[in-house]
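Structure, as structure tokens:
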Amino acid sequence: MKTIFTRPDSMTEKVTHYCPGCTHGVAHRMVAEIIDEFGIKDRTLGFAPVGCSVLIYEYMDTDYQQAAHGRAPACATGAKRVRPELIVYTYQGDGDLASIGTAEIIHAANRGEKFTVVFINNAIYGMTGGQMAPTTMPGQRTTTSPMGRDVLSAGHPIRMSEMLSTLRTPAYVVRASLHTPYNIIQSKKALRQAFQYQMDNRCFSFVELLSTCPTNWGITPVGSNKWLEENMLPYYPLGVFKTPDDE
Numbered sequence: 364m365k366t367i368f369t370r371p372d373s374m375t376e377k378v379t380h381y382c383p384g385c386t387h388g389v390a391h392r393m394v395a396e397i398i399d400e401f402g403i404k405d406r407t408l409g410f411a412p413v414g415c416s417v418l419i420y421e422y423m424d425t426d427y428q429q430a431a432h433g434r435a436p437a438c439a440t441g442a443k444r445v446r447p448e449l450i451v452y453t454y455q456g457d458g459d460l461a462s463i464g465t466a467e468i469i470h471a472a473n474r475g476e477k478f479t480v481v482f483i484n485n486a487i488y489g490m491t492g493g494q495m496a497p498t499t500m501p502g503q504r505t506t507t508s509p510m511g512r513d514v515l516s517a518g519h520p521i522r523m524s525e526m527l528s529t530l531r532t533p534a535y536v537v538r539a540s541l542h543t544p545y546n547i548i549q550s551k552k553a554l555r556q557a558f559q560y561q562m563d564n565r566c567f568s569f570v571e572l573l574s575t576c577p578t579n580w581g582i583t584p585v586g587s588n589k590w591l592e593e594n595m596l597p598y599y600p601l602g603v604f605k606t607p608d609d610e
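So the working numbering is basically just the index in the sequence shown, starting at one, shifted up by 363.
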């Protein structure tokens with residue numbers, strides 16, 4: 364019998380311990396498949412931050428380092444400048460990248476650092492208990508906003524892709540989603556293009572992936588996909604916001 368579906372070589376055999384319905388595992392597999400397809404496993408270096416995203420280093424069979432909370436872009440900058448032949452990427456959640464790491468990501472993008480960022484946006488802090496994040500939706504209930512996010516006191520959710528796309532520095536900035544099979548296919552295409560731009564030494568690349576967090580949202584896995592589509596997609600529209608050819 365012909366084998367048509369296997370574990371990517373760039374992933375370990377360890378079973379993930381993400382919550383049921385979490386799409387971190389989907390993103391992990393896409394990154395691993397792309398690394399295998401490009402044949403760059405031996406020269407790929409990833410940086411994991413603090414939060415659920417940090418667990419990726421247990422599942423990827425490539426070189427990995429952990430950065431302090433929010434500092435993955437700074438670490439990636441150093442690694443890519445010292446070893447430009449490496450394929451360097453960060454894998455970060457919204458609580459990490461869009462909160463404590465806001466300055467790091469903005470300035471890395473503004474400098475045009477030639478590494479790739481995989482940004483998981485599930486509108487909440489996952490690992491630390493489901494607190495309100497910079498990306499939490501208006502009215503969304505969390506452990507620190509039990510009555511729902513009040514934009515008058517907490518401000519509106521930050522759209523990182525739109526913010527970074529305003530920078531003059533050439534870059535590839537795109538937002539995709541992981542809530543349906545079709546969107547997963549589109550997400551992989553976006554990730555593949557981001558890594559291609561880095562391999563071509565073209566530009567900084569940033570791929571935002573809308574994700575689900577059923578446990579902290581208090582919704583079933585199936586219901587979480589529907590909630591994402593009805594609540595996040597209108598505020599976080601999918602698409603390519605910037606390419607290096609725009610300037």
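In this text, a Cβ means the ideal position worked out from N, Cα and C, and glycines have one as well.
{"query": "Tell me, to the nearest whole angstrom, how far the beta carbon of residue 498 is from that of residue 486; I am working on the premise that it is less than 8 Å.", "result": "5 Å"}
{"query": "Quick one: measure Cβ to Cβ for residue 440 and residue 471, integer angstroms, because I've assumed they're closer than 8 Å.", "result": "6 Å"}
{"query": "Could you tell me the alpha carbon to alpha carbon distance between residue 428 and residue 597, rounded to whole angstroms?", "result": "35 Å"}
{"query": "Can you name the start and end residues of the beta strand (DSSP E) that residue 411 belongs to?", "result": "407-411"}
{"query": "Whole angstroms are fine: how far does the CA of residue 536 sit from the CA of residue 380?", "result": "30 Å"}
{"query": "Where DSSP assigns a beta bridge to residue 571, which residues make up the other side?", "result": "482, 538"}
{"query": "Does residue 450 come out as helix, strand or coil in the three-state DSSP assignment?", "result": "strand"}
{"query": "Cα separation between residue 418 and residue 594?", "result": "27 Å"}
{"query": "I need the straight-line Cα distance from residue 405 to residue 425, nearest angstrom please.", "result": "7 Å"}
{"query": "Determine the extent of the beta strand (DSSP E) in which residue 602 is found, giving its start and end residues.", "result": "602-605"}
{"query": "So, at 6 Å on beta carbons, what are the nonlocal neighbours of residue 553 in its own chain, with the 5 sequence-adjacent residues on each side left out?", "result": "537, 539, 570"}
{"query": "Using DSSP bridges, identify the partner residues of residue 402.", "result": "BP columns for residue 402 are empty, so no partner."}
{"query": "Decide yes or no for the touch test of the stretch 489-504 against the stretch 448-466: beta carbon pairs closer than 8 Å, at least 3 of them.", "result": "yes"}
{"query": "DSSP puts residue 456 in a beta bridge; with which residues?", "result": "483"}
{"query": "DSSP beta-bridge partners for residue 508?", "result": "505"}
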